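So the sequences go chain by chain: D and A.
Per this note's numbering, residue 1 is the first one in the first sequence, and the count goes up by one each step.
Per this note's numbering, residue 1 is the first one in the second sequence, and the count goes up by one each step.
Quick reminder that beta carbons are idealized off the backbone N, C-alpha and C, glycines included.
Since this is a predicted model, take the numbers as computed values, not measurements.
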Amino acid sequence: SQTIHQWPATLVQPVGSPLSLECTVEGTSNPNLYWYRQAAGRGLQLLFYSVGIGQISSEVPQNLSASRPQDRQFILSSKKLLLSDSGFYLCAWANWGNIQYFGAGTRLSVL
Amino acid sequence: LAKTTQPISMDSYEGQEVNITCSHNNIATNDYITWYQQFPSQGPRFIIQGYKTKVTNEVASLFIPADRKSSTLSLPRVSLSDTAVYYCLVGENSGGYQKVTFGTGTKLQVIP
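This is the structure in structure tokens:
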């Protein structure tokens with residue numbers, strides 16, 4: 001069966017520090033991969049999606065970036081975090097039927 | 001990209017059947033309707049997907065009228081653990097990248 005791993009679960013970072021969140025998927029190949037951010041009490045905002053290795057599309061201009069160095073690995077990064085980057089970050093993968101399966105999420109607090 | 005509209009919130013007593021309706025007036029021919037459930041501090045979880053008429057699984061039923069401009073998620077005999085946010089999404093079921101939008105969903109509060 002397929003599983004998705006996302007870490008860390010919580011993260012507290014100072015403003016201006018770098019960020020690296022990692023997501024890996026097991027049990028499937030060539031999945032579509034997504035990064036979302038959710039502010040408190042709000043819906044999910046799609047940040048990046050990827051349909052293959054090295055193929056990244058950005059939905060929202062910001063100081064975040066994403067990379068897909070391997071088929072089942074998706075990384076969200078920032079060189080310098082802003083206060084506004086705080087939120088709940090979710091990684092997801094989709095199968096051929098486009099049903100998305102989500103990781104447990106990372107709660108990021110930028111102070 | 002079909003836009004969806006659903007109530008912001010609903011309250012229900014334990015043991016009752018809950019129906020959450022989603023409007024998607026500009027749904028395309030190839031679009032499927034998918035519902036997700038999200039608990040606080042967790043990622044959304046797939047509940048059910050359908051194209052037309054009725055779909056039922058162990059968790060819920062999905063009713064889609066002939067014109068497909070709306071859909072209704074039905075949760076039988078809800079319990080307190082069904083308190084969550086429910087999202088309705090519309091998009092193709094054909095692989096590749098399909099942009100879908102998670103709106104604010106419907107916040108269901110189950111009351112004892």
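With respect to the beta strand (DSSP E) encompassing A:D113, which residues constitute its N-terminal and C-terminal limits? It is not possible to answer for residue 113 of chain A, since the shown part of chain A is limited to 1 through 112.
Under 9 Å by beta carbon: chain A residues contacting D:R107: S41
Find the residues of chain D that neighbour A:Q109, judging by a C-beta separation of less than 7 Å, and give them in chain order. Per Cβ cutoff of 7 Å: no residues; A:Q109 is ~14 Å from chain D at best.
If we count the other Cβ atoms within 10 Å of its Cβ and call it buried at 16 or more, is A:D11 buried or exposed? exposed
Helix, strand or coil at A:D82 according to DSSP, with G and I counted as helix: helix
For D:L108 versus D:Q45, is the C-beta spacing smaller than 9 Å? no
Could you give the first and the last residue of the continuous beta strand (DSSP E) run that contains A:K52? DSSP places A:K52 in no beta strand (DSSP E); its state is neither H nor E.
What do you get for A:D67, buried or exposed, if any count of 16 or more other CB atoms within 10 angstroms of its CB means buried? With fewer than 16 other Cβ atoms within 10 Å, it is exposed.
From the DSSP secondary-structure annotation, give me the bridge partner or partners of D:W93. D:L33 and D:Y101
Can you grab the Cα-Cα spacing for the pair D:L83 / A:F46, in whole Å? 31 Å
Please report the distance separating the alpha-carbon of A:N57 from that of A:F39. 20 Å
Minimum Cβ-Cβ distance from D:F88 to chain A less than 9 Å: yes
So the candidates are D:L81, D:Y89, D:V15 and D:S57; which of them puts its Cα closest to the Cα of D:C23? When only C-alpha atoms are compared, the closest one is D:Y89.
Who are the neighbours of D:R42 on chain A, taking C-beta pairs under 7 Å? T104
Taking only heavy atoms of the ligand FMN into account, decide whether any of them is closer than 8 Å to the Cβ of A:V110. Within the structure as shown, the ligand FMN is missing, as the structure has no ligands at all.
Can you tell me which residues form a DSSP beta bridge with D:A189? Residue 189 of chain D lies beyond the residue range present for chain D, which begins at 1 and ends at 111; the question has no answer from this structure.
Is DSSP giving A:D31 helix, strand or coil here? strand
Interface partners of D:N63 on chain A, CB under 8 Å: Per Cβ cutoff of 8 Å: no residues; D:N63 is ~22 Å from chain A at best.
Is D:S1 helix, strand or coil when you go by DSSP? coil
Using 9 Å as the limit for Cβ to Cβ distance, is A:V78 near chain D? no
Counterpart residues of A:G91 in DSSP-defined beta bridges: A:Y32
Measuring only between beta-carbons, confirm whether A:F63 sits less than 9 Å from chain D. no
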